[in-house]
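Chemist: Dropping a structure here in C-alpha cells format, bear with me for questions.
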Amino acid sequence: MLKSINHIGIAVKNAEESLKTFLDIFQFSQYHREIVESQKVEVISFKVGDVLIELTAPTDESSTIAKFIEKRGEGIHHIAFETGSINNELERLSALGLNLINPVAVPGAHEMLISFLHPKSTNGVLMEICQKNHEFQEE
Ligand code: ZN
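What follows is the structure, encoded as C-alpha cells:
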C-alpha cells in the first residue's frame, strides 16, 4: 500500500543556489544536505507540513538528473510515495505490468530504500516508491 506522499523531487542545476530561493519562499531554517552516491546527486531537503521538498542537483554529468535537466530544464522531477514494504509493492506493481526502472530497491536519500517507475508506464509522471530503511514491518 502506498500510504502517503513522502517527498517531491525538484531537479536543479545547483542545489546551493536554489536553496536561497526556497529559504526565502518558505522561511525555514532547518534543512538536510547529503550526497546520494547511487544516484550521483546532491540533495538538499526541507519539510513543508508532512512532505519533504528535495532540491536535487547532479554531482556528475552521467547522473540521470543531469540528463533530465539537459532535456527538459529544471523543475518538478518526481513524486515519491511511501510504503511500509517496498518489496511487496514492487512485486504488486510489476504484476500489473508497470515498467520498473529499479526492479530491486536501491539506497536513496534519508537512508530510504527507493525504486522508480518508468514514466512511460505512468502518464509521464516519474513516480518513486520509498520505504524508510529502519522499518521492515509488513503491511
Ligand atoms: Zn526521491
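According to the numbering used here, the residues represented by the sequence shown are 3 to 141, in order.
Beta carbons: idealized from backbone N, C-alpha and C, even for Gly.
Of the residues I116, G110 and G99, which one's Cα is nearest the Cα of K122?
Modeler: Taking the first residue of the sequence shown as position 1, residue 122 is located at position 120. The candidate whose alpha carbon is nearest that of K122 is G99.
Chemist: With a threshold of 7 Å, establish whether the CB of H34 neighbours any heavy atom of ligand 1.
Modeler: Locating residue 34 in the sequence shown gives position 32, counting from the first residue. For ligand 1, not one heavy atom lies less than 7 Å from the Cβ of H34.
Chemist: DSSP three-state label for H120, please.
Modeler: Within the sequence shown, residue 120 is the residue found at index 118, counting from 1. Here H120 sits in coil by DSSP.
Chemist: Counting beta carbon pairs with one atom in the region 8-21 and one in the region 37-49, are three or more of them shorter than 8 Å?
Modeler: Yes: the two stretches touch, three or more of their Cβ pairs being nearer than 8 Å.
Chemist: From F83 to E63, what distance separates their C-alpha atoms?
Modeler: Taking the first residue of the sequence shown as 1, we reach residue 83 at position 81. Taking the first residue of the sequence shown as 1, we reach residue 63 at position 61. The straight-line gap from Cα to Cα measures roughly 27 Å.
Chemist: Enumerate in chain order the residues of its own chain whose CB-to-CB distance from N16 is below 7 Å, with the five nearest sequence positions on each side excluded.
Modeler: Position 14 of the sequence shown, counted from the start, is the residue given in the question as residue 16. Excluding positions up to five away in sequence, the list reads A59.
Chemist: Considering Cα atoms alone, identify which of I55, V127, I88 and N104 is closest to R35.
Modeler: Position 33 of the sequence shown, counting from 1, holds the residue named residue 35. The shortest C-alpha separation from R35 is found at I55.
Chemist: Consult DSSP for L1 and reduce its assignment to one of helix, strand or coil.
Modeler: Summary: the structure shown does not reach residue 1, with the chain confined to residues 3 through 141, and so no result is reported for it.
Chemist: Would you say E84 touches ligand 1, meaning its beta carbon is less than 7 Å from a heavy atom?
Modeler: Counting from one through the sequence shown, the residue named residue 84 turns up at place 82. No, since every heavy atom of ligand 1 falls outside the 7 Å radius drawn around the Cβ of E84.
Chemist: Does DSSP put N8 in a helix, in a strand, or in coil?
Modeler: Taking the sequence shown and counting its residues from 1, the one referred to as residue 8 is at position 6. In the structure shown, N8 sits in a strand (DSSP, three-state: E or B).
Chemist: Using a Cβ-Cβ cut-off of 6 Å (strictly less than) and excluding sequence neighbours within five positions of V14, which residues of its own chain qualify?
Modeler: Position 12 of the sequence shown, counted from the start, is the residue given in the question as residue 14. These residues qualify, in order along the chain: S20, L57, A59 and E76.
Chemist: Measure the beta-carbon distance from G11 to H80 and round it to whole angstroms, keeping in mind my assumption that it falls under 8 Å.
Modeler: Residue mapping note: residue 11 aligns to position 9 of the sequence shown, counting from 1. Residue mapping note: residue 80 aligns to position 78 of the sequence shown, counting from 1. About 4 Å; that satisfies the 8 Å criterion.
Chemist: Give a single yes or no on whether I116 has its beta carbon closer than 7 Å to a heavy atom of ligand 1.
Modeler: Position 114 of the sequence shown, counting from 1, holds the residue named residue 116. Yes; taking the cut-off as 7 Å, the Cβ of I116 has a heavy atom of ligand 1 nearer than that.
Chemist: Can you tell me where the beta strand (DSSP E) holding T66 begins and where it ends?
Modeler: Taking the sequence shown and counting its residues from 1, the one referred to as residue 66 is at position 64. Looking at the DSSP string, T66 is not in any beta strand (DSSP E); the run it does join, the alpha helix (DSSP H), is T66 to R74.
Chemist: Anyone know if the C-beta pair for I131 and L92 falls short of 8 Å?
Modeler: Working through the sequence shown from its first residue, we reach residue 131 at position 129. Working through the sequence shown from its first residue, we reach residue 92 at position 90. In this structure, L92 lies closer than 8 Å to I131 by Cβ.
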